[in-house]
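One point on numbering: in the UniProt record's numbering, the residue at position 183 of the sequence shown is 183, and numbering is uninterrupted. Single-structure report; data block below.
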Amino acid sequence: GALLALSKPPGLPILGRPGDLSLDALLPALRRRLGLAAELHVVKAPAREYSGLVLLSSCYHTTKKLQQFFTSARRRGQYPATYRAITVGVPAEVEGEICTGLCWQQQGDRAMVVPVPAPARRSLARKDVKITLTHYQVLSAVGGCALLQLQPRTGQWLHNSSTTQPCFRTPAISPSPCSSPAFPEQLQVHLTLLLCPALGDHEHSSHVGRVLGVPFFLTPETAPTRTQVLDEELLSRLGLSPRQLHHLPLHIHLQELVLP
Numbered sequence: 001g002a003l004l005a006l007s008k009p010p011g012l013p014i015l016g017r018p019g020d021l022s023l024d025a026l027l028p029a030l031r032r033r034l035g036l037a038a039e040l041h042v043v044k045a046p047a048r049e050y051s052g053l054v055l056l057s058s059c060y061h062t063t064k065k066l067q068q069f070f071t072s073a074r075r076r077g078q079y080p081a082t083y084r085a086i087t088v089g090v091p092a093e094v095e096g097e098i099c100t101g102l103c104w105q106q107q108g109d110r111a112m113v114v115p116v117p118a119p120a121r122r123s124l125a126r127k128d129v130k131i132t133l134t135h136y137q138v139l140s141a142v143g144g145c146a147l148l149q150l151q152p153r154t155g156q157w158l159h160n161s162s163t164t165q166p167c168f169r170t171p172a173i174s175p176s177p178c179s180s181p182a183f184p185e186q187l188q189v190h191l192t193l194l195l196c197p198a199l200g201d202h203e204h205s206s207h208v209g210r211v212l213g214v215p216f217f218l219t220p221e222t223a224p225t226r227t228q229v230l231d232e233e234l235l236s237r238l239g240l241s242p243r244q245l246h247h248l249p250l251h252i253h254l255q256e257l258v259l260p
């Protein structure tokens, strides 16, 4: 079956309610525009707030085969998806891994993904908490910002580990298998644990505080969600005023998918 790759802008959801703008709602018009007889199916796509590669197929069996390939690749300890992100702050190490437990937690009237520093084995067994890992590499850095390559994974690959504390390893990639990432905000949370939030992250950037220019992590309970705060020099380079900051999109981009 035919495969089609396109680039999704940030803020466009994959699915939506009837009448809402979403990628799924646009597929019939795209199929007619391309003159395809069969319906288009989403094989792979980034989360709503991310931009980047969307893989579509006009064949149901091709869609299933590719989705099974992505699942199998993750179980073999491979990274089928590669993202790029611009961060506010530069990691201390040029390459490494961020691994920690993540779970959904209610914060006021909304649910957020939060790190769990020391998840109990029972919560892992119930899958209330999942151990997550992101391999990162600094590709370039200038003016206190960095361009990072990110490869996320999620699963039970640390269930035999002697520690469940958050860890930062450099530069090796864990060979243990893990399943599909279950948290659309995994990369954002991991970047805050690295003390380098993504540019345009208005959900989690408030969890990185600074004292005398030194960054430190703030728990979600002590740091309410707010529009990202940037210094005057960076605002000037971006050509933005403080009032325009809430329009700044999240700078995390799905750049590459490995195909069989």
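Don't be surprised by glycine CBs; every beta carbon is placed ideally from N, CA and C.
For the alpha helix (DSSP H) containing residue i, list its first residue and its last residue.
i: Val189; result: Gln186 to Leu193
i: Ala29; result: Leu23 to Leu34
i: Lys44; result: Unbroken run through Lys44 is the beta strand (DSSP E), His41 to Lys44; no alpha helix (DSSP H).
i: Glu256; result: Where Glu256 is concerned, there is no enclosing alpha helix (DSSP H), although the beta strand (DSSP E) it sits in stretches over Ile252 to Leu257.
i: Arg237; result: Glu232 to Leu238
To the nearest angstrom, how far is it from the Cα of residue i to the Cα of residue j?
i: Ser57; j: Tyr50; result: 21 Å
i: Ser7; j: Gln105; result: 31 Å
i: Val94; j: His135; result: 11 Å
i: Gly96; j: Gly108; result: 34 Å
i: Ala73; j: Pro152; result: 13 Å
i: residue 300; j: Cys59; result: Within the shown structure, residues of the chain are numbered from 1 to 260, placing residue 300 beyond reach of any answer.
i: Gln78; j: Pro46; result: 18 Å
i: Cys196; j: Ala111; result: 22 Å
Kindly indicate which three-state DSSP category residue i falls into: helix, strand or coil?
i: Pro171; result: Low confidence applies to Pro171: its pLDDT is 42, below 50, so where it sits in the model is not reliable, and the reading given next is rough at best. Note: Pro171 maps to coil in three-state DSSP.
i: Pro215; result: strand
i: Arg84; result: strand
i: Gln228; result: coil
i: Leu248; result: coil
i: Arg110; result: strand
Could you tell me which residues DSSP puts in a beta bridge with residue i?
i: Arg153; result: Leu133
i: Glu95; result: Gln137
i: Gly52; result: Lys8 and Leu254
i: Val116; result: Gly101
i: Ala37; result: Partner(s): none; Ala37 has no beta bridge.
i: Ser57; result: Leu3 and His41
Taking the beta strand (DSSP E) that residue i falls in, what are its first and last residues?
i: Tyr60; result: Careful: Tyr60 lies outside any beta strand (DSSP E), inside the alpha helix (DSSP H) at Tyr60 to Arg75.
i: Arg210; result: Val208 to Val211
i: Ala125; result: No beta strand (DSSP E) contains Ala125, which is instead part of the alpha helix (DSSP H) from Arg121 to Ala125.
Would residue i count as contacting chain C if we go by Cβ distances under 8 Å?
i: Val114; result: Absent from the structure: chain C. Only one protein chain is present.
**Request:** Evaluate the contact criterion for the segment 140-149 versus the segment 112-128: three or more CB pairs, one atom per stretch, below 8 Å.
**Result:** no
**Item:** At least three beta-carbon pairs within less than 8 Å, the segment 214-230 to the segment 21-41
**Value:** no
**Sufficient close CB pairs (3 or more, under 8 Å) joining the segment 250-258 to the segment 80-93** = yes
**Request:** Would you check if there are 3 or more beta carbon pairs closer than 8 Å linking the segment 232-251 to the segment 208-222?
**Result:** no
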